[in-house]
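Step one of this worksheet: look at the structure below.
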Amino acid sequence: MWHLRLSSTSFDPRVVYDGHPTLFTIKLQHGGEFTKFPNVNYIEGTVTYVDMVDIEEFSIHEMDAIMKGLGYSVPPVIYYHFRVPKGDMHFGLRALGNDDDVLNLSQYVKEHKLIRVYTEHANEAALALSISPEYNKKREFIKDKPLSSCIKKLVMDDVSVDRIGGNKDDADNEIDHGFNEFDEECNDINQDFNEFHEACNDINQGFNEFDEAANDFDIGLYQQILQSNEQNVDDEVHEGEENTVNKEVTEEENHDINEMNDENVEMRDFAVDDGSEDNIEIDEDNTERSDESEDSDDSDFWVDEDNIIPDVEVDMRDFYMNIDLEAEFLEKRLPKHRENDSDEVNEELDVIDNDQWDSLDEGSDIDRKRRAVIKELGKETRCSQGEIHKVTFRIGQKYKNKKELKEKIQLHALETRRNIFFVKNDKMRLRAICKGTVAFNDGHVGEPTPCPWVIQGSRSDVNSNWFIKTYNDEHKCLQTRKVRSATAKFISKQIMDQIESNPTIPVRALQEQLQKDYQVGFSIHKVFRAKSTAKKLVQGDYKKQYDVLRDYILELQSTNPETTVKLEFDSEPNLSATSRRFKRMYVCLGGMKKGFRACLRDFLGFDGAFMKGPFPGQILTAVGVDSNNGIYPLAYSIVETENTDSWKWFLECIADDLDLYANSNFIFISDRQKGLQTAISQLFPCAEHRFCLSHIHDNMRKTWRTNEYKEHLWNCATATTVPEFNHRMHQFSSYDVEAYNWLKQIPPQHWARSHFTGRAVSDMLLNNLCEVFNSKLIEGRDKPMISCLEYIREYMMKRICNVIKVQKKCVGPLTPSATKIMEKNVNWASQYTVRWNGSDKYQVQGPWQDQHVVDMVERVCSCRKWELTGLPCKHVIAVLNDKADNGEEVGELHTYAHRVHWLETWKAAYVYKPGRPKKKRRHSAEEKSQKKGDNVASGSGSQSNIASRSGKLTRKFIQVTCSKCKIKGHNARTCKGQGGK
């Protein structure tokens, strides 16, 4: 708990807070005002220290309580600002007005134990650089609540003459009257403040004893330092300030603002509006992070403690598509070292190359000798310094085509940092020379000496291979960092392996790595284009993946039996065209379909998310709830847009898979999309359609933004009975009639628990299950068509494996989430008293005089919790405890829970996995005998295993002998006289 302290009391936070990283002290300067920019200071204020403040419990409400303790009337005319440690008054002020600002403050507490906080009163202009939007404006007063004279005084500057009375004299009288009332109240406040100071003196005395025990602090030395520095108070140790400060607060040393801001420097988007290929956005990684924050960040997050969605972690960082580049009609990557080059053999032994097309015996003896000489020239050599030099080119080296030879020359230019030009480039010849700058001119005066490096390759006819005929490897020119062969297309082939292993590598990091490897300058634009091209080579092209979509569907159905895939096209405007345009696609894996039925919950959530690729579209998802209240994805679809037609088609596909009809009593939850509402009402008129309460609140916040409206909405929605719902709605109408009338237009059966049925065995109010699933697909939504579908399928497959690992660690009859709820209800049940009515009903009374009726035969409670969730509420558990105390047999507690919450039901839903099922094979006779227990040797092995596990030898697979008839196969207890006795 925080404590107020006067400035005259010694206190060393570095010693007191040692070992407590969350505790800190607030140096609160209040009652003053800020001077105007550029000489910003806080003058004519009072300094009070607030010690033992815990950042984990600190909030704006705590600041209000501190100000009330100092005698201020807090709402709504006091604003708080804190100063960044080592920051000045000009650029170091930050707003302190909401939870986000408190989170910003928390990052400084660990290293700095003294935080300066300033207050602004009445109509002062806010000077903080980062102003909280909700607290930047003056908050309005609540209607129909009278204002005290103190508050009237503080807001008198904003009250116009017309609002007060209509003329200036009446206004002056009203102001004088307000001043009198204000003086009377201030006298009362001063009296309370004196009593408060007496209490603070007792607290300070305790602090002095604590300080003596904690640290032997040299007061005299500190006072000398304080006098020499006058009012320059150190941020960590502060002593000897007067209670009232009438002079300007001395500023600390100015720090380099640019250095402070360098921590948050982000790479900006580089764009050139000239229509060229350089007109691109570079900061793609920052864009991805911003998109992710838009999907996952919620400044007003809702938490339903009874329906928390537990989810296992699925690592999708290693996901990438293994696409056959040849099948995708893409250029194959250029390897840095050709593995199957028969001419480049480093061993002395002659080995048979199975990939060699030409016969080794082909040609005459002269040809064989020629190949031997070429082989000797291509070997690596070691110089006098011990370095290995590999020959890049040699006379007679063979290449399959001109493109291969040209790319190797370009790679040589990049590795040696030379500018090589192709002076002859036709169907039969390829000649390249070096046009580098020669440092020493060996020619005539005024004539530059050319670099002697040259290479020429040719072929004898159009059907033969290319051979190097001329080659001079001597370079006399200087190396350069601007190599013309380092194009974006060529670089993309060099970085394909790196992009394949890490597709999310930042462009800046990739640029630095290339410059380090090749010692050549690469512009950020060029590296960005190279990365984009490499990602196409690795992941596949957006357009070309649509060409192989049918092949993907056939493969998906062959590896996942009973999988439903539906594909729709639009015909081309040209009737003679042989191709059709993709419209939408639906996928429901067979294993997920069976597992959803095993969940025993007729409950589905719907939501949509944008695709981020070059082709617009929407991903529609249908997600169920498993026995542990976790997500269970059922189906997904890629459609052209989110409208009534697409939602209706998606629902029809789900209805075919789940055998749903117009009279099916199913439960759906979604946002209030107009297209989805219409589709559900048309296809399933008998279904229960719940609206996400968070979406309703988002619409309410457009007009009513304060948290009080959120609390009233939540109280109304969480009421489980109709009378309780009506009572809370009446409270809401008393608070704000307009908001009540707006909420009343939405039928309560869509958003209030009191009007829900128990068919879903869930009282879920929020569509968090779809939000959780969509947040897992963020990185897959910007991929090409098949890559996106595979990302979703692989995530679902990995998630099932991770859930099974969690299930193996679970013990008990119920799922972990159900067990937590039951433990909470058991603790609450001990506070209730039970009275039996002589039949099957019980009256349960709580500590707050609340009464409920429990019917154990019908298994219902008047609170309706048992009916909605399928778990015994605290009233039912209290009845079971009472029955057990009276000697009645009640059985196990988990038998009163719905079968949905059983652990075996949870495990049954994850038996079905996506993929090809195992085929049954024929068992040998020996395996069959082992299975039946006829093989005694196998039985003895089993005994040893069992004995090592349990510590007791089993009698399984051992033939017993009857002590009566002496016949094997039975014992004396089961003997029926087989031996004739």
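According to the UniProt record's numbering, the stretch in the sequence shown is residues 1 to 981, in order.
We treat Cβ as the ideally placed atom computed from N, Cα and C, and that holds for glycine.
For clarity, every value in this text was computed on a predicted model and none was experimentally measured.
Within the chosen definition, does the region 750-758 reach the region 703-722 through at least 3 CB pairs nearer than 8 Å? Output reads yes: the region 703-722 touches the region 750-758.
With a cut-off of 8 Å on the beta carbons, I'd call I433 and F421 a contact; round off their distance for me. Right, their Cβ atoms sit about 6 Å apart.
On the three-pair Cβ rule with 8 Å, is the region 480-488 touching the region 455-464? They do not touch, by the three-pair rule.
Under a three-way DSSP split, which group does D541 fall into? DSSP places D541 in coil when its eight states are reduced to three.
Between the beta-carbon of M764 and the beta-carbon of N307, is there less than 8 Å? Yes, they are a contact pair.
Quick one: grab the DSSP three-state call for Y791. Note: Y791 maps to helix in three-state DSSP.
Going by Cα to Cα distance, which pick from I631, S576, K566 and G891 is closest to S646? The shortest C-alpha separation from S646 is found at K566.
Beta bridge counterpart(s) of C599 as assigned by DSSP: C599 pairs with nothing; no bridge assigned.
Cβ-Cβ distance between L430 and K400 below 8 Å: No.
From the DSSP secondary-structure annotation, give me the bridge partner or partners of W466. Within the DSSP bridge table, the entry for W466 names Y399 as partners.
On the DSSP letters alone, give me the boundaries of the beta strand (DSSP E) that D855 sits inside. Note, D855: beta strand (DSSP E), Q851 to D855.
Could you check if I967 is buried or exposed, using at least 16 other CB atoms within 10 Å of its CB as the buried criterion? Within a 10 Å sphere around the beta-carbon of I967 sit fewer than 16 other beta-carbons, which makes this residue exposed.
Quick check: the Cα distance between M89 and E512, rounded to an integer number of angstroms? Their backbone Cα atoms lie some 39 Å apart in a straight line.
Presumed contact (8 Å Cβ cut-off) between M67 and I60, rounded CB distance: Between M67 and I60, the beta carbon gap of about 11 Å keeps them out of contact (Cβ cut-off 8 Å).
Span separating the alpha-carbon of N971 from that of C962: Roughly 4 Å between the two C-alpha positions.
How many Å lie between residue 982 and D602 at the Cα? With the chain covering only 1 through 981, there is no way to say anything about residue 982.
If we call anything under 8 Å between Cβ atoms a contact, is residue 983 one with G521? One cannot answer for residue 983 here, as it falls past the ends of the chain, which runs 1 to 981.
Which value, in whole angstroms, describes the spacing of the CA atoms of T905 and R597? Taking the CA atoms as reference points, T905 sits about 11 Å from R597.
At what residues does the alpha helix (DSSP H) containing C716 begin and finish? Taken as a continuous stretch (DSSP letters only), the alpha helix (DSSP H) holding C716 covers N707 to T718.
Span of the alpha helix (DSSP H) holding C434? Per DSSP, C434 belongs to no alpha helix (DSSP H); it is in the beta strand (DSSP E), R429 to C434.
When we look at the beta-carbon of A679 and count the other beta-carbons within 10 Å, is it buried (16 or more) or exposed? So A679 counts as buried.
Which complete alpha helix (DSSP H) runs does the region 846-917 hold, if anything under 4 residues is left out? Taking only runs of at least 4 residues, the alpha helix (DSSP H) segments lying wholly in the region 846-917 are 865-869, 874-885 and 903-909.
Starting from E555, follow the alpha helix (DSSP H) in both directions and report where the run begins and ends. For E555, the enclosing alpha helix (DSSP H) starts and ends at L549 to T559.
Quick check on K536: buried or exposed, where buried means 16 or more other Cβ atoms within 10 Å of its Cβ? Label assigned to K536: buried.
Run of the beta strand (DSSP E) containing R581, from where it starts to where it stops: In the DSSP assignment, R581 falls within the beta strand (DSSP E) that extends over R580 to C588.
Have a look at L478 and V454 and give me their C-alpha separation to the nearest angstrom. Straight-line Cα distance between these residues: approximately 16 Å.
Quick one: grab the DSSP three-state call for Y735. Secondary structure of Y735 (DSSP, three-state): helix.
Is D64 helix, strand or coil when you go by DSSP? In the structure shown, D64 falls within a helical segment according to DSSP collapsed to helix, strand and coil.
Between P633 and F467, is the Cβ-Cβ spacing less than 8 Å? Taking C-beta atoms as the reference points, P633 and F467 fail to come closer than 8 Å.
Would you say the region 721-739 touches the region 793-806, given that touching needs at least three Cβ pairs under 8 Å? No, the region 721-739 does not touch the region 793-806.
Cβ-based burial, A95 [other Cβ within 10 Å; buried from 16]: When all chains shown are included, A95 counts as buried.
Can you tell me whether Q515 is helix, strand or coil according to DSSP? In the structure shown, Q515 sits in a helix (DSSP, three-state: H, G or I).
Beta-carbon proximity check, A622 vs L604, cutoff 8 Å: By the CB criterion at 8 Å, A622 and L604 fall inside the cutoff.
For W828 and C788, the rounded distance between their alpha carbons: Looking at the two C-alpha atoms, the distance is approximately 48 Å.
Classify D18 as buried or exposed, calling it buried when 16 or more other Cβ atoms lie within 10 Å of its own Cβ. Burial state of D18 is exposed, judged by a 10 Å Cβ sphere holding fewer than 16 other Cβ atoms.
Any idea if S558 is buried or exposed, counting beta-carbon neighbours within 10 angstroms, 16 or more meaning buried? Exposed.
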